[in-house]
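As you go down the protein sequences, you meet chains F and D in turn.
Counting in our numbering, the first sequence runs from 1476 upward without gaps.
Counting in our numbering, the second sequence runs from 23 upward without gaps.
For glycine and all other residues, C-beta sits at the position ideal for the given N, C-alpha and C.
Reading through the structure tokens given below for one structure.
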Amino acid sequence: MTKIFKTFRAPSLETLHMSKSFGRNKALDDVSLKVAAGSFHALLGENGAGKSTLVKCMMGFYEADAGQMMIDGQEIRIHSPRDAQALGIGMVYQHFTLVPCLTAAENLVISRRDIPMVINWKSERQRLDAFMETMPFRVRLDAQVSTLSAGEKQKLEIIKLLYLDQRFLILDEPTSVLTPAEADEILGVLGEMALRREVTVLMISHKFREVKAFCDSFTVLRRGRFVGAGDARRVNAAEMSSMMIGDVGMRPPATRLKTIQDGPKLELRGVSTLGDEGRRVVSDLSLKLCSGEILGIAGVSGNGQSALIEVLSGQRPLSGGEIKINGAPFEPTRRNFDRFKVFGLPEEPMRNAVVPRMSVAENIAFRSFDKPPVLKRFGLMSSARMRQRGMELIQQFNIHTSSPDAPIETLSGGNVQRTVLARELSGEVDILIVANPCFGLDFASVADIRGKIMECRNRGAAVLLVSEDLDEIFEMSDKISVMSAGKISDPVSTLATDAMRIGKQIAGQTDEIVAGPQAE
Amino acid sequence: MSLPSASSVARPHRKPRLDPRSLALIEASVIPMGALLASALIFSLFLLMLGKDPIRFFSLVWTGGVASSFSIQNTLQRAAPLILTGLAFAVPARIGMTLLGAEGALVLGGLASALIAIPMMLGGWPVWLGLPIMALTAMAVGGAWVGLAGWLRHYRGVNETISSLLLTYIAVAIMNFLVEGVFRDPGSTNKASTMPLGPDWRVGDIPGTSVHWGLATGLIIAALLWVLMERTTFGFSARIAGGNLRAAQAQGLPVGRLAVASCAIAGACAGLAGFFEVAAVHGQANASLAAQYGFTGILVAFLARQNPLAVVPVAFLFGALAASGGLIQRRMEMPDATMLVLQGIIFVTLLTSESLYGRLPFLSVSQAGDRT
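And the structure:
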């Protein structure tokens, strides 16, 4: 039985001894979390530490196997997201849940549960305007959501929760798609609201900077267990991170060796391509990529980066311009991939790089199945040799799988990406095209993967790295360009710039990067 | 569960009792068998509602399908085209295409072989040359017909299921148009047909049986296609493209050519079935060619999980059902649509059973809840 009561003031929330298993995997093991009323609490942990499971239990997406939940000291039971909503618990997800083709006002109104059959837009609109007066953020209510920036969308998501009278806000990595300035603004306002005891915030985050700057308390989970909690203003980032990753210690950045750049390798001249809706998503883009260097392309997603990668990997046709490798024109066919030794780590490997139902060994063989030794006479393949090679690489790349014959969809995200690495980086690589390689992976995998990419660069490959993660761009790149609205800025040396400056460019305050001569 | 020491980053995983390949094989057998059993039960209910005895029904299927050497040969005779049309569905299914074009390819292939035989017969060509030419013509025409659906799919974005189905209607209409028009044999009074093949221009029976050579050919082609799909780079590429088109593109595979080639192979199989229907069964092309073999082949391929080798036994099963149809009609006084009802029930249960893959707890290889 759910007892419905509404608090218009910040509630406190507690979980006691919460456990949840999936099969034999104990995702949550006796976790107790205490979020005081009006606090801005950070929930820290690696991927797979159980943070998402915990908040999904709070939201009623999962039912915990054991444990209790209390709001303002009273025990509550939540069986579904509706119960959570009724109790004033709301969540902002990593990805937007707004309807892009509707306006901001329409999105707010349709999110209500008591929405009537016929909506009187005029009176709704008046009430909305009055409501917006009380809000700390300004969002253009008449704008279609698809035209809003990422920051505005995130604000609208938060406004939506407040509009629904939800005063316990759970934010799941709310700043991952925002520029640093946007993130600071939103978190700052939420912090003030919490201070005024208007809301209580529980934020899942990976960014110590934000936790230190805005949160007042934190809890750390590791492998489904509670490992510690404390005052976010007293504990420093190094201590938090060692709680998160245990005795592993901080990951050293990948070692960058000096390389000889013996001439340009990959060159794009005036490349354009159309998106799925027929709009130009990359226009007149030129860049030059030399051997032994990593060119990082920063930018918020949706500015043409994916389309650029798709063009280079043969998933999207070129509508203008040319691609050259070592001065020779390059078309993305299998033969040319082999001839020019072009390899790739596309984003979302499950969607772009592997066949989920095929086995790990088969997925590893995608580059080599039509060449000896796997290829025998008459187009016949040796599955024994394929499996053999698969087993070698599984060992070499430390892929955790029950068997080389297991379908790759049974592997965790980090191991899927390691499988792709094993396939793409086990041979000689001249050109490497990488997009968001570490998205959603745990620390250990991130270290592995960045290390392997850096190794590749050190051996003389030309690496193009598209990433939404500025830290990754700065850690990996020799040069940085920013992509926005399908155009790319001149590359600058990583040593000659900083995150704030690049962040500004990303946000699009950038007459100087859109126009102007390209690299060359 | 005891946690491993903190320094080990390896996620503990349990060993499945069997290796994944055997598990997948067991799953691919258990689920269709279960679906067959379920459809038999549902069909029994249907019979009970009609006041008929289900046990008598299944015993008649046994009698009419496998009990005597006569019924076995009858079954094999009907299984022969089903093997080929089953393959015609199974091969493009590997690349992720659902093609309903086998019926059309069969009809047009059969018609083409009957027509090309006419000048050769009149010109006094030797039969040993004529029959292979007829067979190749049937395959070429069938292949081109279904290949067209593949081409439309890949280069024009036309849904291949719809286009191949519509192409089938066009094919049957073309056949009727030609058979009742310019190519009608004046001697065919009851049923408009093309000029009959001479007695020596017929494909004979496998010695010692009354089953024509189409069966042996079907078996050989099933084996060849199994090798093609499971053991060659073509089949491997097709599986990549069928499993994840974007990954196939990123590997630079010629996905368009693969799609068209798979469709053409499918059409050639169905066209060959048409050739045997003409040269071994009817002796001429007429409306009897459109006997739903192409559509039953879809069911065969589904039950066989698109595996070319498994198509063979499944084709025998459906051959047996078809062979016993007449007996059931007579003995149980039921209309011949009864068998279609059974086929329909099998199809629906099969499609429903597709949702069970990966969900049978005792066959699970996945480490559930791995991502949080």
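Just to make sure I have the definition right: I need the residues of chain F whose C-beta is within less than 9 Å of the C-beta of residue i. Which are they?
i, result
"T371/D", "Under the 9 Å cutoff, chain F gives no residues; its nearest Cβ is about 23 Å from T371/D."
Which residues mark the beginning and the end of the alpha helix (DSSP H) in which residue i is found?
i, result
"E1899/F", "1888–1900"
"L1850/F", "Careful: L1850/F lies outside any alpha helix (DSSP H) and carries neither H nor E."
"T374/D", "359–375"
"F1844/F", "Neither: F1844/F is in no alpha helix (DSSP H) and is coded neither H nor E."
"Q99/D", "91–116"
"C285/D", "277–298"
"E125/D", "124–144"
"F1872/F", "Unbroken run through F1872/F: none, as it is neither H nor E."
"E182/D", "182–202"
"V1817/F", "First-last for V1817/F: 1817–1820, but that is the beta strand (DSSP E), not the alpha helix (DSSP H)."
"T239/D", "236–253"
"R1731/F", "Taken as a continuous stretch (DSSP letters only), R1731/F belongs to no alpha helix (DSSP H), as it is neither H nor E."
Counting contacts by CB-CB distance shorter than 8 Å, is residue i in contact with chain F?
i, result
"T120/D", "no"
"Q328/D", "no"
"A309/D", "no"
"G278/D", "no"
"N212/D", "no"
"D392/D", "Low confidence applies to D392/D: its pLDDT is 38, below 50, so where it sits in the model is not reliable enough to give any reading."
"D222/D", "no"
"P42/D", "yes"
"A50/D", "no"
"G348/D", "no"
"G146/D", "no"
"R253/D", "yes"
"V31/D", "In this predicted model, V31/D has a pLDDT of only 39, less than 50, meaning its place in the structure is not dependable enough to derive any value."
Compute the beta-carbon to beta-carbon distance between residue i and residue j, rounded to the nearest angstrom, for a pair I have assumed lies under 8 Å.
i, j, result
"V82/D", "T318/D", "Just to set this straight, residue 82/D is Leu in the shown sequence, not Val. Not confirmed; about 20 Å, so no contact."
"I64/D", "T371/D", "7 Å"
"S1747/F", "R1755/F", "6 Å"
"I1546/F", "L1529/F", "Between L1529/F and I1546/F the Cβ distance is about 16 Å, and since that is not below 8 Å, they are no contact."
"M1856/F", "R253/D", "6 Å"
"P1486/F", "T1694/F", "Actually they do not touch by this definition, with Cβ atoms about 17 Å apart."
"V1891/F", "C1931/F", "In fact, because the Cβ distance is near 19 Å, the residues do not count as touching under 8 Å."
"T1578/F", "A1625/F", "With 8 Å as the limit, T1578/F and A1625/F do not qualify as a contact, their Cβ atoms being about 17 Å apart."
"G316/D", "T159/D", "Actually they are not in contact, since the Cβ atoms of G316/D and T159/D sit about 18 Å apart, beyond 8 Å."
"H1492/F", "G1542/F", "5 Å"
"G164/D", "L130/D", "6 Å"
"I1769/F", "V1895/F", "So it is not a contact: roughly 18 Å between Cβ atoms."
Which chain F residues sit within Cβ distance under 7 Å of residue i?
i, result
"A272/D", "S1788, G1789, Q1790, G1819, P1821, N1827, A1828"
"F256/D", "G1854"
"L275/D", "R1809"
"A269/D", "N1827, A1828, V1829, V1830"
Between residue i and chain D, is there a C-beta pair that is closer than 8 Å?
i, result
"A1579/F", "no"
"A1881/F", "yes"
"S1878/F", "yes"
"A1990/F", "Interpretation of A1990/F is limited by its pLDDT of 37, a score under 50 that renders its predicted location unreliable; the figure taken from the coordinates is listed afterwards. By this cut-off, A1990/F is not an interface position."
"F1812/F", "yes"
From which residue to which residue does the beta strand (DSSP E) around residue i run?
i, result
"S1766/F", "Counting along the chain, S1766/F falls outside any beta strand (DSSP E), and DSSP gives it neither H nor E."
"Q328/D", "Counting along the chain, Q328/D falls outside any beta strand (DSSP E), and DSSP gives it neither H nor E."
"L1939/F", "1937–1941"
"I1908/F", "1906–1910"
"E1550/F", "1549–1551"
"M1544/F", "1541–1546"
Strictly below 8 Å CB to CB, what residues from chain F border residue i?
i, result
"I262/D", "V1830, M1833, F1841"
"G265/D", "V1830, P1831, R1832, M1833"
Contact set between the segment 95–118 of chain D and chain F, restricted to residues whose Cβ is under 9 Å from the partner: none
Positions along the segment 172–205 of chain D whose CB lies within less than 7 Å of some CB in chain F: none
Within 7 Å of chain D by C-beta, residues of the segment 1844–1873 of chain F in sequence order: F1844, D1845, L1850, G1854, L1855, M1856
Contacting positions in the segment 1829–1840 of chain F - beta carbon closer than 9 Å to chain D: V1829, V1830, P1831, R1832, M1833, S1834, E1837, N1838, A1840
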